[in-house]
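Using the working numbering, read the sequence shown as starting at 2 and increasing by one per residue.
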Amino acid sequence: RGRGRGRGGGGRGQGGFRKPKDYLGPNGHDYQLSEDSGRNNSKFSEEDIHTLLAERLQAKFSRDFRTADMIQVELIDGGVFVHDGLKEWRADGIPYGSFRDGGGGRNMDSQQYSRSPHSADVEGASDDLINKLINERTKFKMIREYSKADAVREGLRTKFNVLIDDRLKQWSVGGDFGEEHNAQRELADKFANRGYIKSTSSLSLEDEEEEYIQHHVDARAAAKKDRNFDVADKIRLDLAQRFDVTINDKQKLWSIGGVFEELGGRMGKPKGVYTRRGGGDLSAEEEDAISKMITDRYHAKKQRNYDAADEIRDALMNRYNVKIDDRSNEWRVDTDDYAMAGDNDLSEADIEVIDFKLKERFSLKRERLYEDADEIRDDLHEKYGVRIDDRTKEWFVESEEALGSFAG
Numbered sequence: 002r003g004r005g006r007g008r009g010g011g012g013r014g015q016g017g018f019r020k021p022k023d024y025l026g027p028n029g030h031d032y033q034l035s036e037d038s039g040r041n042n043s044k045f046s047e048e049d050i051h052t053l054l055a056e057r058l059q060a061k062f063s064r065d066f067r068t069a070d071m072i073q074v075e076l077i078d079g080g081v082f083v084h085d086g087l088k089e090w091r092a093d094g095i096p097y098g099s100f101r102d103g104g105g106g107r108n109m110d111s112q113q114y115s116r117s118p119h120s121a122d123v124e125g126a127s128d129d130l131i132n133k134l135i136n137e138r139t140k141f142k143m144i145r146e147y148s149k150a151d152a153v154r155e156g157l158r159t160k161f162n163v164l165i166d167d168r169l170k171q172w173s174v175g176g177d178f179g180e181e182h183n184a185q186r187e188l189a190d191k192f193a194n195r196g197y198i199k200s201t202s203s204l205s206l207e208d209e210e211e212e213y214i215q216h217h218v219d220a221r222a223a224a225k226k227d228r229n230f231d232v233a234d235k236i237r238l239d240l241a242q243r244f245d246v247t248i249n250d251k252q253k254l255w256s257i258g259g260v261f262e263e264l265g266g267r268m269g270k271p272k273g274v275y276t277r278r279g280g281g282d283l284s285a286e287e288e289d290a291i292s293k294m295i296t297d298r299y300h301a302k303k304q305r306n307y308d309a310a311d312e313i314r315d316a317l318m319n320r321y322n323v324k325i326d327d328r329s330n331e332w333r334v335d336t337d338d339y340a341m342a343g344d345n346d347l348s349e350a351d352i353e354v355i356d357f358k359l360k361e362r363f364s365l366k367r368e369r370l371y372e373d374a375d376e377i378r379d380d381l382h383e384k385y386g387v388r389i390d391d392r393t394k395e396w397f398v399e400s401e402e403a404l405g406s407f408a409g
């Protein structure tokens, strides 16, 4: 048949194939000829086809997928198509809808393209020639020869002004597919030509860092367009590890922290965002500075720069008396001030008494006089229905019944 026996040499010379456990029939494989297949139009005899199918199956048994794929490409190139989901083959030159899973149709119906009713007339070629070229493009796509498929598409555009719509499975001279669909294509083209942009819900970094991220997001998009997926994956991984960047290819968005408000639904909290709890007298400028330091610390930890992260943690304590809880993503000022949480019907005088008692209790705990501190806690609960959360440095009124008891 003129087939070289050097195919997959590296895979075949390492211990040979493992024999399948079950008998696979006289042809050495368990694929059946499709019921709707036409006559054999391939360049192989039926005996050759069975031999190749058996060799491919043996390669798959041995997990030599490189050889199995090469045999499949050889079969396709010769006009033989295999459907692993249906366990069928055909040699009439009509591909299946899918080679990778059990989906897709049994014939080429789902892959056939037709001329759009809105198309202008072809100049310098017949419809039959255009259809044959489009079928060649489909064949190249099915064997993953995407550069050749793109070359056919570009040739149709430049030579005959033929544009292809893969969703409609139609082609058109001049690109007219009807008013409604033309509008949809215009929007899709604008989106396709738009670069990736930062999500409105992304965290912020320094301008230089965000410029670096945007540059590399654009470089990743270019690598994907060139089908250089290894480079694209390396860029994505680097951005994720260094800056906690998540990229949404469907919406062409990127976000530091991984939240995309544009996708709808409930707005989540980005990774690395810490919530303030408790009291403490801080200005708005001081709160902004603390939030920035906490974000810097988060990114230092992401980059495994733990010394820098610890330095930031110590600076927060020394400069602002701030403690960080990484488990709950919260921070608070380590002070005797407890913040009131929730609504209640207490008077201002009652609140002043509670604040005073909480500060007294805080001092007792610092002096390790825990029994006295617990007496204050229990007294506040009995009189006012107050519950204290020492982790968040907050207090709240537990129930209306407690307030009613106090009023009585």
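The beta carbon of each residue, even a glycine, is placed where N, CA and C say it ideally should be.
Just so you know, these numbers come straight off a predicted model, no measurement behind them.
- Secondary structure note for residue 320: its alpha helix (DSSP H) is the uninterrupted segment 307–321.
- The alpha-carbon of residue 340 is positioned some 15 Å away from that of residue 381.
- In this structure, residue 217 and residue 240 form a Cβ contact; the two beta carbons are roughly 6 Å apart against a cut-off of 8 Å.
- The C-beta separation of residue 119 from residue 173 comes to about 6 Å, placing the pair in contact by the 8 Å criterion.
- Around the CB of residue 221, 16 or more other CB atoms lie within 10 Å, so the residue is classed as buried.
- In the assembly as shown, residue 57 is a buried residue. Its beta-carbon has 16 or more other beta-carbons within 10 Å.
- Taking a cut-off of 8 Å on C-beta distances, the stretch 116–132 does not touch the stretch 85–92, as fewer than three cross pairs fall below it.
- The beta carbon of residue 138 lies closer than 7 Å to those of 150, 153 and 154 in the same chain, with the five residues before and after it left out.
- Comparing alpha-carbon positions, the option among 93, 231, 232 and 274 lying closest to residue 245 turns out to be 274.
- Of the residues assessed, residue 345 falls on the buried side of the cut-off, its CB having 16 or more other CB atoms within 10 angstroms.
- DSSP, reduced to helix, strand and coil, places residue 203 outside both helices and strands of the structure shown, so it counts as coil.
- Contact check for residue 256 and residue 200: beta-carbon distance about 4 Å, within the 8 Å limit, so the pair qualifies.
- Here residue 281 is buried: its Cβ has 16 or more other Cβ atoms, across all protein chains shown, within 10 Å.
- Under the 10 Å beta carbon count, residue 238 is surrounded by fewer than 16 other beta carbons and is classified as exposed.
- In this structure, the straight-line span from the alpha carbon of residue 124 to that of residue 202 is close to 51 Å.
- Along the length of the stretch 205–261, whole alpha helix (DSSP H) runs at least 4 residues long occupy 208–226 and 230–244, reported in chain order.
- If you check the CB distance, residue 332 and residue 338 do not come in under 8 Å.
- DSSP places residue 46 outside any alpha helix (DSSP H), giving it a letter other than H or E.
- Beta-bridge partners of residue 389 (DSSP): 396.
- Around the C-beta of residue 242, fewer than 16 other C-beta atoms lie within 10 Å, and the residue is accordingly described as exposed.
- Cβ contact annotation for residue 80 (same chain, cutoff 7 Å, sequence separation greater than five): 42, 43, 44, 92 and 94, in chain order.
- For residue 82, the pairing in a beta bridge is given by DSSP as 91.
- Residue 142 and residue 278 have their alpha carbons spaced roughly 57 Å apart.
- By the neighbour-count criterion, in which a residue is buried when 16 or more other Cβ atoms sit within 10 angstroms of its Cβ, residue 66 is exposed.
- Counted as a single uninterrupted DSSP element, the beta strand (DSSP E) harbouring residue 174 occupies residues 171–174.
- Linking residue 157 to residue 164 through their CA atoms gives a straight-line distance of about 7 Å.
- The residue among 299, 317 and 312 with its C-alpha nearest the C-alpha of residue 290 is 317.
- Between the stretch 345–365 and the stretch 302–310, the count of C-beta pairs closer than 8 Å stays below three; the two stretches do not touch.
- For residue 365, there is no enclosing beta strand (DSSP E); the enclosing alpha helix (DSSP H) covers residues 349–367.
- In the structure shown, the three-state DSSP call for residue 292 is helix.
- Rounded to the nearest whole angstrom, the C-alpha separation of residue 330 and residue 258 is 13 Å.
- The bridge partners DSSP lists for residue 164 are 173.
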